[in-house]
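Asker: Got a structure for you, written out below as structure tokens; questions coming shortly.
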Amino acid sequence: MPSPPLRSHYRFPDPSDAVELRAFTHGLQPASVPAMMERFTEDWRQRGVDAWNEVPNHWRPESDDTVGWWTLPTYLGDEFIAPLLGAPAGTCIWQPSVHWTVQCLLSTPEVQARGSTVVLPDTAFPSVLHSAQNWEELQDLTPDIVSGPDARRVDREALLDRIGPDTALVAVSHVGFTTGARLPSAFLRRLADRAHQHDALLLVDGYHAAGSMPVDVRDLDCDVYVGGLLKEGSGSAGNAFLYVRDGLELTPRLTGWFGDAAPFEFRREPEPHPDVRRRFLGGTTPVAAMYHAVEGVRLLLDCGLDAVREHSLALTQRALARADDAGLSLRSPRPPAARSAMVLLEIPDAERMTRYLKTRHVYTDSRRNEVVRMAPFLWNTQDEVDRAFDAIENGLHEKTYRSHTPPDTGPVT
Ligand SMILES: Cc1ncc(COP(=O)(O)O)c(C=O)c1O
């Protein structure tokens with residue numbers, strides 16, 4: 063297998079032979095990030111408040127486009143997020159988190175006017191699931207939570223059946239974080255179709271999909287697509303995004319003066335910005351995060367999302383073969399079309415295995431002490447996947463992973 067594209071464009075943790083397999087939780091740092099952060103400190107020092115109007119275009123240095131901190135959320139949306147999602151210009155914007163974006167969406171009267179329920183599976187990530195539950199009291203939007211065949215999977219037919227005249231919004235994850243399973247595009251189109259028949263909207267949470275495979279929001283026919291750059295996108299914390307279908311009117315009540323039509327007139331009454339996506343901004347944008355936001359996306363786009371997906375599938379294929387050899391059961395799907403970048407291995411005492419692997423400088427994580435999760439990604443090699451499985455097999459055979467593991471290191475796994 064050829065060496066991974068762009069491996070030299072990432073910065074690796076010490077020691078030099080460490081194997082970082084946690085793309086699904088916090089991607090590696092792109093090599094250009096230190097210089098970008100230095101540019102932030104320099105723009106701040108040199109320009110101060112004027113940086114809101116204009117800074118050198120560090121994001122597209124070859125272009126003549128003028129950027130300032132004020133316009134960066136939509137500039138990054140058009141230049142980097144839209145190509146990631148197959149979206150047209152004018153439909154995407156930087157956001158601080160999925161949680162914030164979903165809260166804004168639920169606060170729009172236009173969603174409420176469409177019906178009284180939010181249909182979603184019980185496996186939706188808490189940023190979506192809990193938001194729907196918390197808004198129930200405030201907005202008369204009742205979550206209609208669809209249980210799956212078990213605590214992890216989505217019952218697709220039941221989800222479709224639940225969409226009806228009362229439905230205002232349908233919300234699903236493109237890739238399930240509990241299984242790593244990707245929902246087929248044909249199913250998402252059926253969901254969109256059913257939602258639209260009842261004048262409801264389809265929201266897709268694209269974390270774990272966008273950045274690890276080509277996504278085409280127009281082909282999926284969804285109305286709103288959200289996600290973040292923390293993981294496969296290597297954008298670190300504070301960088302998420304929103305796509306809103308062209309022409310869809312949404313007026314979040316949860317908005318701020320950065321989403322106002324005339325913020326510096328300081329009028330007594332708010333007036334929504336004419337650009338719908340900009341209404342999803344709140345208070346002063348945390349600009350430092352936007353300097354490192356899209357350096358990982360730049361690498362993914364340079365590589366080409368088809369090539370990113372091809373590399374990811376080849377490595378997950380290798381991981382599946384090694385899991386079979388080791389007699390391990392999978393919780394993630396086997397067919398390539400259903401796979402994401404993530405492989406979930408059912409291993410007893412999975413937390414201890416993860417900690418044991420860390421002592422071998424192989425970085426994975428565990429969930430509920432039931433599964434070890436790994437996502438061999440753009441920066442990993444097949445040799446690293448083999449080293450990870452060699453370490454897992456050693457731990458299993460010698461049972462060393464259960465007997466002497468270092469103590470728990472904190473709440474984040
Ligand atoms: C499917 C999914 N959605 C959302 C998030 C994170 O959302 P937020 O940006 O609100 O932290 C995650 C994080 O793991 C996720 O897996």
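In our numbering, the protein residues as written are 63 to 475. The C-beta atom is built at its ideal place from N, Cα and C for all residues, glycine as well.
In terms of DSSP beta bridges, what is S235 paired with?
Answerer: D267.
Asker: Compare the Cα-Cα distances from V447 to each of V81, P332, L200, D470 and report the closest residue.
Answerer: Nearest of V81, P332, L200, D470 to V447, Cα basis: V81.
Asker: Considering only the beta carbon of each residue, do V433 and A450 sit closer than 8 Å?
Answerer: For V433 and A450, no; Cβs fall outside 8 Å.
Asker: Taking 7 Å as the cut-off, is the C-beta of G273 nearer than that to any heavy atom in ligand 1?
Answerer: No.
Asker: Taking all protein chains shown into account, decide if T128 is buried (16 or more other Cβ within 10 angstroms of its Cβ) or exposed.
Answerer: Label assigned to T128: exposed.
Asker: When you compare only the Cα positions, how much space is there between P171 and E455?
Answerer: Each residue's Cα considered, the two are about 55 Å apart.
Asker: What residues are listed by DSSP as bridge partners for E82?
Answerer: BP columns for E82 point to Y425.
Asker: Using 8 Å as the threshold, is the C-beta distance between L245 and H236 below it?
Answerer: For L245 and H236, yes; Cβs fall inside 8 Å.
Asker: Quick check on this structure: which residue in G300, T443, R122 has the alpha carbon closest to the alpha carbon of V370?
Answerer: Measuring from the Cα of V370, the nearest candidate turns out to be T443.
Asker: Is the Cβ of K420 closer than 8 Å to any Cβ of chain C?
Answerer: No chain C is part of this structure, which consists of one protein chain only.
Asker: Which class does R244 belong to by DSSP, given the choice of helix, strand or coil?
Answerer: Residue state, collapsed to three classes: strand.
Asker: Which same chain residues, not among the five before or five after P64, have their C-beta less than 7 Å away from its C-beta?
Answerer: At P64, the pLDDT of 49 sits below 50, so the modelled position is not reliable; the number obtained from the coordinates is stated separately. Contacts found: none.
Asker: Looking only at its own chain, which residues have a Cβ that is under 6 Å from the Cβ of E372, when we skip the five neighbours before and after it?
Answerer: For E372, where only same-chain residues beyond five positions count, there are no Cβ hits under 6 Å.
Asker: Measure the beta-carbon distance from D217 to G226 and round it to whole angstroms, keeping in mind my assumption that it falls under 8 Å.
Answerer: That belief does not hold up - the Cβ atoms of D217 and G226 are roughly 16 Å apart, past 8 Å.
Asker: Just the C-alpha distance for A85 and E413, rounded to the nearest angstrom, thanks.
Answerer: Distance between the alpha carbons of A85 and E413: 18 Å.
Asker: State the beta-bridge partners of L406 as determined by DSSP.
Answerer: The partner list for L406 (beta bridge, DSSP) reads R435.
Asker: Which of the three DSSP states is assigned to V277 in this structure?
Answerer: V277: coil per DSSP, three-state reduction.
Asker: As an exercise, report each continuous alpha helix (DSSP H) stretch of at least 4 residues that is fully enclosed by the stretch 301–384, in chain order.
Answerer: Within the stretch 301–384, the complete alpha helix (DSSP H) runs of at least 4 residues are 349–354, 357–365.
Asker: Leaving aside the five residues before and after M436 along the sequence, list all residues of the same chain whose C-beta is less than 6 Å from its C-beta, in chain order.
Answerer: Closer than 6 Å at Cβ, skipping near neighbours: L83, V405, T426.
Asker: What are the boundary residues of the alpha helix (DSSP H) that includes M136?
Answerer: Note that residue 136 is Thr in the sequence shown, not Met. 134–138 is the extent of the alpha helix (DSSP H) around T136.
Asker: Could you check whether the Cβ of A262 sits closer than 7 Å to any heavy atom belonging to ligand 1?
Answerer: Checking the Cβ of A262 against ligand 1 gives no.
Asker: Which residues share a DSSP beta bridge with S391?
Answerer: Paired residues: E408.
Asker: Could you please give the first and the last residue of the uninterrupted beta strand (DSSP E) stretch that includes P205?
Answerer: 204–208 is the span of the beta strand (DSSP E), which, as asked, contains P205.
Asker: Helix, strand or coil: how does DSSP classify G110 here?
Answerer: G110: helix per DSSP, three-state reduction.
Asker: Considering only their Cβ atoms, is the gap separating D322 from E311 smaller than 8 Å?
Answerer: No. Outside cutoff.
Asker: Excluding sequence positions up to five away, which residues of its chain have a Cβ less than 7 Å from the Cβ of A400?
Answerer: Hits under 7 Å: A243, R244.
Asker: So the alpha helix (DSSP H) C166 belongs to, where does it begin and stop?
Answerer: Here the alpha helix (DSSP H) through C166 covers 160–168.
Asker: So, using beta-carbon positions, are L138 and W156 closer together than 8 Å?
Answerer: Contact: yes.
Asker: For G295 and D278, what's the separation of their Cα atoms in angstroms?
Answerer: Roughly 17 Å separates the two Cα atoms.
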